[in-house]
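Chains as they are written, first to last, in my numbering: chain E, 167 to 628; chain H, 42 to 382.
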């Protein structure tokens, strides 16, 4: 049985019932009621116990729960409340910003004493009103919990700094040896087409044509047959890899494959395009990258990704070590930024439906720390923020209800932008989607005419 | 001979979520299938038959659910009652008064077999079962832990994530959605009557009384000389509490139904009177009746009459019967399962 929940007070009950009446699905209604009671219990005691402040605590609880369910798409046909308090709730960040602005003005006007008083006031408000801080959706909160639970199984974070220089030591018939100990087996590699791609400046400037130099790395899983990593299964492990190599080589799927024993195979020349990322979007500080086959290198782990599995369940320690060395080499060789080293699940999109998460391998559990990379799950998702993509119930289902936090961060930033611009977020999203389609048109035309376009040409992209 | 679980549509749900009502007389499962939302039921009873080739042929020809052990056939589920009636024998019950029957040596095996037949093994580790458990019986401080843990362990073995829910609370979840899950849910089943007063889905009081359907069947059987199984079949097939009894069995059924109702109302009032955590309610709350024992025509009127005549500590707005009395608990457990993140 679940742990006892405190009984809701009368004022809270009335507010809950008034909002719950508009929710049709029994499961969603139950979830809303129970969540509102929980959120109310989390409100600061001062709010709950002071009769004049209690209505604020009640509204924060009810609207917080309502907003969460909306964010999870659990209330598809439920209209949003028409009360003024709902509008105020939606504007709470603006109200807080105005309050801080007022306090800052006070500080400016009255010097150090005023500054101290103002800072004290802001800190008190921040302490009393945690609900004013952005609310992560339940899906991403659940993901955070899962990440916490997984930490025990995660490989330790990298302790050494990535080397600044990595150079080729030996290039023999069996493969290459690099100065950081990286060994690359080269007997399987093929040539495809030469790399040429556009990058789209984030400030809205003209697209820039880049040749040869890769802009980043995308990490994949092979989703192929995986035998247990046990001595008895060595035969199967080896034969699975052989079959996979044959298939990948025929299709030019990735630049590199890392097998279960950590052996690295180059499959496609680094100066050529591999067909690993399909329709995809990523961004660094300066540029948006679309259709990352053209611009990013593809590294594939021979493994099967599952939502909520720890990285230790997905890849072997030897694969992590190999991926670290390979990443170091590629980053040092091409000056690839940490920002542009990203898992496939975060970049893959479906442009027909304008949805993120078309493929979801490594959408959770990628061993960033072990590879010496920053956590890209926290990065506001460029496809949402830059081009108005969204997600649907199907993605939530495939991800077992846990989306990575970057989705929520991007959605929130998009809302703030729409507020700052004074346009509804749906309108802003539509405009962003239009920009995406314009970029896509440009890319399609460029591909048709061999990238001979009037756009600016550059030797290096970043 | 009927041997497949009966299927009826119930409520909206989510994929991979299952509501399971483990009752003394029936085990019922509610879930979403390819055809929509469905409930399947098996009688929670069995009858042992001595081994013979002829018996085996009959069982096979009629596609009866059975298994063979120690030179005996164990016919279970929906077929068990029909066989018992055919041979004028009593079925045996794996459960008694809402809990695993401590006096039945085959209890655990039979519950496992019946549940597995209904629930099947989980296909992935994300599927979730929410099963019903009775409230603490007011007459005896029986330990629910063994019963609950046994079911939890078994469903976990089948590969599910497992939750449990009080049976009365499940009725609230299933039937009082329009009232924002505030009111009294009563599941009047075979072994027990389970009661829960919930306030915005939060249970305030819950308890169970063991005078329920089986008590009526056994008492009527003992005063009329009929077997309890036969009484049960008569009760479920034709009992009408609004009309004058037509025979000795009906006469006795009327009497014992009244006693069950009186007993239930008495304990409801006592529990509400004793509870210190009942909130001040600014309006009357509804009562919903569910479970097989509430099905006979006239049960609602008799119950409401007795309840209104008693000094109920809280104001009652209406007394109504579930639109799906047999599936209400499983459907409520399904709502709880869907609600589980």
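Just so it is clear, CB atoms sit at the ideal spot from N, CA and C, and this is done for glycine as well. The model shown is predicted, which means the values in this text are computed figures rather than measured ones.
- Using a CB distance below 8 angstroms, the part of the stretch 317-336 of chain H facing chain E consists of 318, 320, 321, 323, ordered along the chain.
- For the 8 angstroms CB-CB criterion, residue 255 of chain H and residue 231 of chain H form a contact.
- In the three-state reduction of the DSSP assignment, residue 386 of chain E falls in the strand class.
- In this structure, the straight-line span from the alpha carbon of residue 596 of chain E to that of residue 610 of chain E is close to 21 angstroms.
- For residue 377 of chain E, the beta-bridge partners assigned by DSSP are E/362.
- A direct Cα-to-Cα measurement between residue 605 of chain E and residue 586 of chain E gives close to 25 angstroms.
- Listed along chain E are 196, 199, each with a C-beta nearer than 7 angstroms to that of residue 222 of chain H.
- When CB distances to chain E are screened at a threshold of 9 angstroms, the residues of the stretch 228-252 of chain H falling below it are 240, 241, 242, 243, 244, 245, in chain order.
- Measuring C-alpha to C-alpha distances from residue 383 of chain E to each of E/539, E/525, E/271, E/412 identifies E/539 as the nearest.
- Look at residue 113 of chain H here: in three-state DSSP terms it is strand.
- The shortest C-alpha to C-alpha distance from residue 613 of chain E to any of E/502, E/359, E/432 is the one to E/359.
- The residue among H/170, H/203, H/273 with its C-alpha nearest the C-alpha of residue 262 of chain H is H/273.
- Using a CB distance cut-off of 8 angstroms, residue 214 of chain H counts as an interface residue toward chain E.
- Using beta-carbon distances, residue 167 of chain H counts as an interface residue toward chain E, with a partner under 8 angstroms.
- In summary, residue 128 of chain H is exposed, with fewer than 16 beta-carbon neighbours lying within 10 Å of its beta-carbon over all protein chains present.
- Looking at H/67, H/101, H/169, H/100, the one whose alpha-carbon comes closest to that of residue 135 of chain H is H/67.
- Proximity of the stretch 445-454 of chain E to the stretch 465-472 of chain E falls short of the contact definition, fewer than three beta-carbon pairs being nearer than 8 angstroms.
- Residue-level contact by beta carbon fails for residue 103 of chain H and chain E, as no gap is shorter than 8 angstroms.
- Around the beta carbon of residue 380 of chain H, 16 or more other beta carbons lie within 10 angstroms, which makes this residue buried.
- Between the alpha carbons of residue 161 of chain H and residue 207 of chain E lies a distance of about 39 angstroms.
- Beta-bridge annotation (DSSP): residue 465 of chain E is paired with E/385, E/422.
- Secondary structure note for residue 207 of chain H: its beta strand (DSSP E) is the uninterrupted segment 202-207.
- In this structure, residue 145 of chain H sits near residue 133 of chain H, with a CB-CB distance shorter than 8 angstroms.
- For residue 234 of chain H, the closest alpha carbon among the candidates H/312, H/175, H/374, H/171 is that of H/175.
- With fewer than 16 other CB atoms across the displayed protein chains lying within 10 angstroms of its CB, residue 261 of chain E is exposed.
- Residue pairing by DSSP places residue 583 of chain E in no beta bridge whatsoever.
- The beta carbon of residue 438 of chain E lies closer than 7 angstroms to those of 357, 358, 359, 360, 361 in the same chain, with the five residues before and after it left out.
- Between residue 324 of chain E and residue 537 of chain E, the C-beta spacing is below 8 angstroms.
- Put simply, the backbone Cα of residue 365 of chain H is about 7 angstroms away from that of residue 331 of chain H.
- Within 8 angstroms of the CB of residue 531 of chain E, no CB atom of chain H is found; the nearest one sits about 16 angstroms away.
- The Cβ of residue 379 of chain H sits closer than 8 angstroms to at least one Cβ of chain E.
- One thing to note: residue 298 of chain H has its Cβ within 8 angstroms of the Cβ of residue 257 of chain H.
- For residue 139 of chain H, the CB contacts under 7 angstroms within the same chain, skipping 5 residues up- and downstream, are 65, 175, 232, 233, 249 in chain order.
- Across the structure, residue 550 of chain E and residue 566 of chain E are spaced so that their CA atoms are roughly 20 angstroms apart.
- Distance from residue 380 of chain E to residue 461 of chain E at the Cβ level is roughly 7 angstroms; contact confirmed, criterion being Cβ atoms closer than 8 angstroms.
- Between residue 337 of chain H and residue 282 of chain H, the C-beta gap is smaller than 8 angstroms, which places the two residues in contact.
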